[in-house]
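My numbering puts the first residue of the sequence shown at 1, with every later residue one more than the last. Even glycine gets a Cβ: it sits at the ideal position worked out from N, Cα and C. Since we're looking at a predicted model, the values are computed, not measured. A short worksheet on the structure shown next.
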Amino acid sequence: MKEMNTDICLIRLGNTNIIPVLDPAIAREMLKRQDAIFANRPYTVGSHALSGGYMTTAVVPYNDHHSGPGKSVNIRTATQHYCGNVIRKMMFSRRFFGEPTPDGGPGPMEVEHVAAVFTALKYLYSFCISDYLPFLRGMNLDGQEKIVKDANKTIRNYQNPIIDDRIRQWKSGERKEMEDLTDVLITLKDSDGKPLLNADEIKNQAAEIMIATVDNPSNAVEWAMAELINQPELLAKATEEIDRVVGKERLVEESDIGSLNYVKACARESFRLHPMSPFNVPHVATQDTTVAGYFIPKGSHAMLSRYGLGRNPKAWADPLRYDPERHLKDGVEVVLTEHDLRFISFSTGRRGCVAALLGTCMTTMLLARLIQCFTWSPPGNARGIDLTEKEDELVLVSPLTATAVPRLAPHLYPTITN
Ligand code: HEM
Numbered sequence: 001m002k003e004m005n006t007d008i009c010l011i012r013l014g015n016t017n018i019i020p021v022l023d024p025a026i027a028r029e030m031l032k033r034q035d036a037i038f039a040n041r042p043y044t045v046g047s048h049a050l051s052g053g054y055m056t057t058a059v060v061p062y063n064d065h066h067s068g069p070g071k072s073v074n075i076r077t078a079t080q081h082y083c084g085n086v087i088r089k090m091m092f093s094r095r096f097f098g099e100p101t102p103d104g105g106p107g108p109m110e111v112e113h114v115a116a117v118f119t120a121l122k123y124l125y126s127f128c129i130s131d132y133l134p135f136l137r138g139m140n141l142d143g144q145e146k147i148v149k150d151a152n153k154t155i156r157n158y159q160n161p162i163i164d165d166r167i168r169q170w171k172s173g174e175r176k177e178m179e180d181l182t183d184v185l186i187t188l189k190d191s192d193g194k195p196l197l198n199a200d201e202i203k204n205q206a207a208e209i210m211i212a213t214v215d216n217p218s219n220a221v222e223w224a225m226a227e228l229i230n231q232p233e234l235l236a237k238a239t240e241e242i243d244r245v246v247g248k249e250r251l252v253e254e255s256d257i258g259s260l261n262y263v264k265a266c267a268r269e270s271f272r273l274h275p276m277s278p279f280n281v282p283h284v285a286t287q288d289t290t291v292a293g294y295f296i297p298k299g300s301h302a303m304l305s306r307y308g309l310g311r312n313p314k315a316w317a318d319p320l321r322y323d324p325e326r327h328l329k330d331g332v333e334v335v336l337t338e339h340d341l342r343f344i345s346f347s348t349g350r351r352g353c354v355a356a357l358l359g360t361c362m363t364t365m366l367l368a369r370l371i372q373c374f375t376w377s378p379p380g381n382a383r384g385i386d387l388t389e390k391e392d393e394l395v396l397v398s399p400l401t402a403t404a405v406p407r408l409a410p411h412l413y414p415t416i417t418n
């Protein structure tokens, strides 16, 4: 893929009639502005929002089993809801919708919100006949349109009232300070100083950000944990690195990420071997081009195989083996981006992910905290984790469940408030 003609301009297709596509220019501007908002705070966006996961308290209630044999934890719930918490905090200044469960776990409203986001994501990559024959739109021939519309409605039912209220606050002058990404979207201006986005556009962008954030980090961390629990010697190395860099007196912070090379190598290996989806989002060539000797006529749909690239034996020795150490080189910092496309994490180029830094922070922080905070083993009497993939998706066939025993002092497991 290195031979790719850089003049090629790729744009994105796929269920776009139903799921809005975030304009990358707006996204970049937004992320830039967001940095500025948080720069004046005593915390960075990362350390504030990223510590908002459930993994230390709610999913693994500390007092239940600190000195006991440990408790079974659904790691998929923890990783998916962590991502939901982080992006809701950044978008709407609130981690949760509704009330949590009595033990502090994700309550029914958040479960519904996050589930709807994952449903929308699942169908983003599906072949949908009306994407190719638009006159079929609205007929719900393959059932996908209704599923995605319902999911989209659920997402918006939670988000849109907050956005409407926020627009009202800005109009009435009640709100003057920017707090989060909703404020950024509302106050973006065009070159004439007029609001860049109307209410519907803001709602579309918010829905897109929610959809863009949650699947990759949560899936990569779930797979990394499954692989590491099955290879305890690798888990021990990651734990040793965290204890050496961070110690056991405080939690991993965003500022530690640069030094956690082994943990990042584990996450990077997870992106290589276990991508969230078999293909990158579809693109279309806007002009004739040649890639690796193959002529690609204008208008062709280009689907890069995430699965195929990451497991290509020409690029990776023993490609099916989970081996984080293949990414370690003396004196070189491990990153989760891969611009040579030997596998796809954030992709690259004009339509590559706009949030590689945030995605790296979320993934590394989540994985590092899970490893730092608990000693993990297979659940019950199981001898290992079943690494079978689901038949129609690349996720683990069943949500990863493992036994967790806290390994830090009790005061380091704070109760998270909104
Ligand atoms: C580990 C985390 C993440 C990974 C691995 C990831 C990966 C990707 C990939 C593979 C694409 C498609 C690129 C292409 O079409 O070639 C993409 C696009 C995108 N991502 Fe991410 N992403 C992550 C997190 C995020 C987050 C946190 C946000 C926003 C807050 C985000 C926003 C976007 C947007 C807006 C696009 C569309 C860009 C465009 O179409 O031009 N991503 N991401």
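{"Item": "Expressed to the nearest angstrom, what Euclidean distance is found between the alpha-carbon atoms of residue 296 and residue 307?", "Value": "21 Å"}
{"Item": "Applying the 10 Å Cβ sphere with the 16-neighbour rule, what's the burial state of residue 332?", "Value": "exposed"}
{"Item": "Looking at the ligand HEM, does it come within less than 7 Å of residue 217, judged from the CB to the closest heavy atom?", "Value": "yes"}
{"Item": "On the criterion of 16 or more Cβ atoms from any shown chain inside 10 Å, does residue 91 qualify as buried, or is it exposed?", "Value": "buried"}
{"Item": "Report all residues from its chain with a CB closer than 6 Å to the CB of residue 158; omit the five preceding and five following residues, and keep chain order.", "Value": "97 and 113"}
{"Item": "Please say whether residue 72 and residue 401 have beta carbons closer to each other than 8 Å?", "Value": "yes"}
{"Item": "Please classify residue 153: does DSSP put it in a helix, a strand, or coil?", "Value": "helix"}
{"Item": "How many whole angstroms separate the CB atoms of residue 267 and residue 363, which I take to be in contact at a CB cut-off of 8 Å?", "Value": "5 Å"}
{"Item": "What's the C-alpha gap between residue 145 and residue 278?", "Value": "21 Å"}
{"Item": "Can you tell me which of 124, 249, 86 and 269 puts its alpha carbon nearest to the alpha carbon of residue 325?", "Value": "269"}
{"Item": "Can the beta-carbon of residue 353 be found closer than 8 Å to that of residue 213?", "Value": "no"}
{"Item": "Any contact between the segment 138-152 and the segment 221-233? By contact I mean 3 or more CB pairs, one from each, below 8 Å.", "Value": "no"}
{"Item": "Looking only at C-alpha atoms, which of 341, 371 and 380 sits nearest to residue 241?", "Value": "371"}
{"Item": "So what's residue 385 in DSSP terms, helix, strand or just coil?", "Value": "coil"}
{"Item": "What residues in its chain sit with their C-beta under 8 Å from that of residue 387, if we drop five residues either side in the sequence?", "Value": "226, 227, 230 and 396"}
{"Item": "Below 8 Å between beta carbons: does that hold for residue 219 and residue 178?", "Value": "no"}
{"Item": "In angstroms with no decimal places, state the Cα-to-Cα distance between residue 328 and residue 336.", "Value": "12 Å"}
{"Item": "Rounded to a whole number of angstroms, what is the C-alpha to C-alpha distance between residue 356 and residue 347?", "Value": "9 Å"}
{"Item": "Is the closest heavy atom of the ligand HEM to the C-beta of residue 93 under 7 Å?", "Value": "no"}
{"Item": "Would you mind stating whether residue 211 and residue 117 have Cβ atoms separated by less than 8 Å?", "Value": "yes"}
{"Item": "Within its chain, find whatever has a CB closer than 7 Å to the CB of residue 169; leave out the 5 residues flanking it on each side and keep chain order.", "Value": "175"}
{"Item": "Report, in whole angstroms, the separation of the C-beta atoms of residue 309 and residue 260, which I expect to be a contact under 8 Å.", "Value": "About 25 Å separates the two Cβ atoms, so there is no contact after all."}
{"Item": "Using a Cβ-Cβ cut-off of 8 Å (strictly less than) and excluding sequence neighbours within five positions of residue 47, which residues of its own chain qualify?", "Value": "Bear in mind that the predicted position of residue 47 carries a pLDDT of just 37, short of 50, making it unreliable; the figure below should be weighed with that in mind. Result list for residue 47: 253, 254 and 255, in chain order."}
{"Item": "Could you tell me if the beta carbon of residue 277 falls within a distance shorter than 7 Å of some heavy atom in the ligand SAH?", "Value": "Absence of the ligand SAH is noted for the structure shown, with the ligand HEM being the only ligands found."}
{"Item": "What would DSSP say about residue 377, mapped onto helix, strand or coil?", "Value": "strand"}
{"Item": "Between 245, 127 and 86, which has its C-alpha nearest residue 180's C-alpha?", "Value": "86"}
{"Item": "Sorted by chain position, which residues of the same chain lie with C-beta nearer than 7 Å to residue 79's C-beta, five sequence neighbours on each side aside?", "Value": "218, 221, 222 and 366"}
{"Item": "Whole alpha helix (DSSP H) runs in the segment 235-286 with 4 or more residues, listed along the chain?", "Value": "261-273"}
{"Item": "Can you give me the C-alpha to C-alpha distance between residue 166 and residue 183, rounded to a whole angstrom?", "Value": "8 Å"}
{"Item": "Buried or exposed for residue 382, going by 16 or more other Cβ atoms inside 10 Å?", "Value": "exposed"}
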